[in-house]
Each structure stands twice: as structure tokens, then as C-alpha cells.
């Protein structure tokens, strides 16, 4: 009985899902009092850049770790006239991105887009878009662990004191240990930054490749951690410095190859394994940026058909050993 | 903490509510209406407030048609309606502390009205010339600098005052503010406010329908 009802509901709801919003929920899912509480936290977060404001995080209809913090921030700022873009590790078309985009299309009836320039709000998981953002846009980052000191000091009460007294020597020691052990700072994501010369902040697990973009970024950055119930922010044009040493300056990742599809030389690349014989390719992590470049006529070494791409990747013109 | 423990304010309110019998509670006879569309209007207003706080010194038009009780400007009332509720003790300065304004804030926001500035999460100042010194408001504490007051300071105008050059986060190079009607001590107090960062108050200047944000990070020159 219940099964039939559910099926019937699903049947009627499915075709219209894209046009109609969900009945029975407030605009953008959260109730007004919750939004007001989050809005007040956001304003305080903007006023104290890099400081983690505790907030009454609500349960969202998806598990922690899937962007509940970012979604609560987005739900509190989004309006009917906004255009939302959601990216997951740079891609617009992965599960997390598609579902969050659809969530807000259903609960807030907003326009969604995959184009960085068209969006007024961009919620992102672990990347900053390659395309520049403007003053009129807001970047919302999903945060799994807002506390940069947590791996060094598990006690929240101690971490809070360290932030209060700007006691960040421990983090420098941790980076120094990297240098002593590996000859370089091996941290490649969640690379700690100092915001406005005062607060040590985790920029979320964005690759350190993206860290330099955060400095004096024209768009407002809002960070939401759902499980840890923290909100923090970086206002536009704020100094954001990645920690380093005079003799070991901060450096970003570099690749020996360009993007195999669009040929970009200056983007963050994902390594894609093509077979079990060492074949691999590098492609832009930012799917929209890569697609736009391809549409503009740029090409990489694997731009041809899938078969040609595969052949090029495994070096088909060279006979395999033992064949 | 200072913001949530409001013995004076709540006691006063409770006595009013409980002791005055039939006239208890809020006088709604001449109550001005709040936001016509609370969900979408408060969202639009909040985005303007966020814009103002993220870009200090830049005047933002709230585009609100709010009919606010005297002596509040539409922008002043809009900030209160957007951000205040039963979680935020509200302090109102003596000029604005009239029965219509008290009823307005209590009915539309449900905020507890407190007597002492340092107990308030939000402070409504309509007479800036005679406002309390900034140090009298909640400043936050070392480990929780967010527990500081947000002041809504209504000014006669945002263009006619002496020129101040603002710098800091949210400002690309520099911003110019010509807020009129501030007391002589204000910018000196503001320097002290900025010097004790991360503690300190944050301010929304309001005038007519427009607001200017002044977070505690702003450094002032001139």
C-alpha cells in the first residue's frame, strides 16, 4: 500500500520536479529563525575574518560530509533571483554537485548554471574556480574540518585558546617537521593560511594550488562546516598568506604535462589512470573551465576521439612487449 | 555570557507582562506593520547587509518600503527586523525608547529589551550625538570575539560629515565615508575599537533607506 502510494507520488512528481518547488518546506528548506541565526553568524564571521563562529547547525536531508555546512550557508543567503552553481572537486557533473544543485532548484526554485560567470552564488567542494570571480559573486565553501590545529591539538578548548592568543608556533613546527623529513613542505591540500595577519585558517581541502587565489579575492568567501558547526569568512580584498619559511617559500603544485583535453598550462590537473600498463592522462579539474576552452577551439594532445585518445595514451604505435 | 545573561532586562519585561493584567503584553493598536513578505524581503535585506559589512564604507540602498515608527528611519527598522529575534537582547537609546518603538521591536522580533548597553547583542541608536561610548557595549571575549554587540546607528546623513578614509579587509584600496552627526569622540573611540581586534563592536550606519557597514577590522585615517 505504502509502496504504491510512494510510486504514485513519485510518478506525478517526477516530470514536474524541475519546474515546481517542494510543498511543505520553507523557502530554501531552512526555517526563518535558523536562517536569521546563521545570517547573524555570517555577519560576525565577515567582521572577524578567519575566526570560526560557532552556529546551531541543523540536520540536513543528507549525511555529514556531503556539504551540510555549505548548504546551510547557501540556504541562508540564497534568494529567488540568485543563480546557483555547485562544484565538487572542480566538476559540475558529479553526484554531490548535481544533488545540491537540484536540492536548491527544488526548495528555492532558483536558476542553476554550470558557468562560473553566470552564477551569483557558487557553492564548492574543495576547489576554487579557475575563472576569476567578481565582486558581485559569493563563493560558499563546504568545510569538513574547520580547525587547522585539530590534527596537532585534539582538544577544542586548547585550540580556542591558541587562536585567542595567536599562538600558532605549533603549526610552524609541523611544517618544519615536513621539511626535516622530506626536504619540502609536503602538505598539498588544506594548506594553512593566515587571514588578515591574525587568524590561522584552514582553507578547506582545496589543493594548495588554489591558495594564492584566496589572497585579495574580489568575491566574498563564506565557509560552512556542518558537522563541526562552524562558519567563517574572508571578506573581499583581504590579505591571505600561506604559511611558509624565508628559506622555504610557499610553492604550488606543478605538472610536467598540460591538460590533455584543452591544453591549459596554468590549471589544477587531475591524473586519470587509463589502463593497468601505466597509461594516464592529466585533465583540468575545473570541468566548466576545460569545456569552455575546448569550445573556444583550444585542444590538448588527447582531444581526438576516445579511441584515438586511448591509443595515444597507451602509445599504440609502439608494439607492446611480448605481443 | 554577557549577551545571554540579561537579568535586568528580562525582569523588567516579565513584570510588565505579568503585572499589568488586561493591559499586559504589547499594545498592538497603533502598531506599524513589519515586512510584507518576511521570507523573501528579509533575504533581500540580509544580502544588502552582508554586502555592506563585506564592503565597508560603501553605501547600500536597502530599497525597502518599510513604514517605521518615529523616530526610526526605514533602514534602521529594516536592520532590526532582519537580524533580531528572541535570541538577541536589544538595547534602544533614550530618544527611540518610546512605547511605539518598544512594541514594534517586541512584536515583530520578539527581542528582550535590555536596560544596559553591555547586555545587548544589538543596540539601536537614533541619537548618535548622545550615544554611549563604544567601550560600554559588549566587546566579545578573547576566545569568542563574535559575542560582541552590533550597533545600528541612525545618522542624519551619510554625505555631509567630515571625510574619513577607510582601509582594511573588504576595501580594495581605500573607501571614503562622510558620515554626519557623529559625536566628537567617535573616531577616536573607533581607533581604540580597531586596536583591540579581534574584540570590538561592529556598526551599521543607517540613514533613510541606506546603510553603511563598519566592521571592527576597518582602520580609519584623517
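Chains as they are written, first to last, in our numbering: chain A, 536 to 858; chain B, 36 to 257.
Note that CB positions come from ideal geometry on N, CA and C, so glycine has one too.
Since this is a predicted model, take the numbers as computed values, not measurements.
query, result
"Among B:255, B:103 and B:248, whose alpha-carbon lies nearest the alpha-carbon of residue 188 (chain B)?", "B:248"
"Quick check: what's the CA-CA separation for residue 717 (chain A) versus residue 683 (chain A)?", "21 Å"
"Taking its Cβ as the centre, do 16 or more other Cβ atoms sit within 10 Å of residue 168 (chain B), making it buried, or is it exposed?", "exposed"
"If we call anything under 8 Å between Cβ atoms a contact, is residue 632 (chain A) one with residue 623 (chain A)?", "yes"
"Quick one: measure Cβ to Cβ for residue 215 (chain B) and residue 186 (chain B), integer angstroms, because I've assumed they're closer than 8 Å.", "The pair is not a contact, with the Cβ atoms about 17 Å apart (cut-off 8 Å)."
"Less than 8 Å between the CB atoms is what I'm expecting for residue 90 (chain B) and residue 771 (chain A), so what's the real figure, rounded?", "7 Å"
"Give the residues of chain B in contact with residue 612 (chain A), contact being defined as C-beta atoms less than 9 Å apart.", "78, 81, 82 and 85"
"What are the residues of the region 175-207 of chain B that lie near chain A, defined by any Cβ-Cβ distance shorter than 9 Å?", "175, 176, 177, 178, 179, 180, 181, 182, 183, 185, 203, 204, 205, 206 and 207"
"Closer than 8 Å, CB to CB, is residue 839 (chain A) near chain B or not?", "no"
"So, do the region 646-656 of chain A and the region 735-753 of chain A have three or more beta carbon pairs nearer to each other than 8 Å?", "no"
"Between residue 604 (chain A) and residue 663 (chain A), which are expected to be in contact by the criterion C-beta below 8 Å, what is the C-beta distance as a whole number of angstroms?", "Not confirmed; about 17 Å, so no contact."
"With a cut-off of 8 Å on the beta carbons, I'd call residue 63 (chain B) and residue 80 (chain B) a contact; round off their distance for me.", "23 Å between Cβ atoms; not a contact."
"Could you say which of A:762, A:799, A:748 and A:821 lies nearest to residue 777 (chain A) if we only look at CA atoms?", "A:748"
"Closer than 7 Å by beta-carbon distance: list the chain B residues that pair up with residue 836 (chain A), in chain order.", "Neighbours of residue 836 (chain A) on chain B: none; closest Cβ ~40 Å, over 7 Å."
"Please name the residues in the region 720-750 of chain A whose beta-carbon is closer than 7 Å to at least one beta-carbon of chain B, in chain order.", "731 and 733"
"Where do the ends of the alpha helix (DSSP H) carrying residue 795 (chain A) lie?", "It is not in any alpha helix (DSSP H) - residue 795 (chain A) carries neither H nor E in the DSSP assignment."
"Apart from the five residues just before and just after residue 36 (chain B), which ones in its own chain have a Cβ nearer than 8 Å to its Cβ?", "Its pLDDT being 40, under 50, residue 36 (chain B) is placed unreliably by the model, and nothing is read from it."
"Distance check for residue 612 (chain A) and residue 660 (chain A), CA to CA, integer angstroms please.", "18 Å"
"Just the C-alpha distance for residue 68 (chain B) and residue 575 (chain A), rounded to the nearest angstrom, thanks.", "23 Å"
"Hey, is residue 122 (chain B)'s beta-carbon within less than 8 Å of any beta-carbon in chain A?", "yes"
"Residue 583 (chain A) CB to nearest chain C CB: under 8 Å?", "Chain labels in this structure do not include chain C; the protein chains are A and B."
"Mind listing which residues of the region 807-828 of chain A have their C-beta closer than 7 Å to chain B's C-betas, in chain order?", "none"
"Give, in chain order, every residue of the region 612-639 of chain A whose Cβ lies closer than 8 Å to some Cβ of chain B.", "612, 613, 614 and 615"
"Which residues, in order along the region 755-769 of chain A, keep a beta-carbon less than 7 Å from a beta-carbon of chain B?", "755"
"Short of 7 Å in beta carbon distance, which residues of its chain neighbour residue 669 (chain A), apart from the five on each side in sequence? Order them along the chain.", "753 and 754"
"Against chain B, with Cβ distances strictly below 8 Å, would residue 776 (chain A) count as a contact?", "no"
"Examine chain B for any beta-carbon lying closer than 8 Å to the beta-carbon of residue 771 (chain A), and answer yes or no.", "yes"
"Distance check for residue 641 (chain A) and residue 617 (chain A), CA to CA, integer angstroms please.", "14 Å"
"Nearest to residue 619 (chain A) by CA position, among A:786, A:651 and A:791, is which residue?", "A:651"
"Using a beta-carbon distance below 8 Å, is residue 873 (chain A) in contact with chain B?", "Nothing in the structure corresponds to residue 873 (chain A), since chain A is present only between 536 and 858."
"Should the region 205-214 of chain B be called in touch with the region 71-78 of chain B, which here means at least 3 C-beta pairs below 8 Å?", "no"
"Along chain A, in chain order, which residues have C-beta atoms closer than 7 Å to that of residue 90 (chain B)?", "771"
"Thinking C-beta only, is residue 593 (chain A) closer than 8 Å to residue 630 (chain A)?", "no"
"Compare the C-beta of residue 247 (chain B) against all C-beta atoms of chain A and say whether one is closer than 8 Å.", "no"
"Grab the span of the alpha helix (DSSP H) containing residue 741 (chain A) for me, first residue to last.", "Where residue 741 (chain A) is concerned, there is no enclosing alpha helix (DSSP H), given that its DSSP letter is neither H nor E."
"Using a Cβ-Cβ cut-off of 8 Å (strictly less than) and excluding sequence neighbours within five positions of residue 833 (chain A), which residues of its own chain qualify?", "797, 798 and 799"
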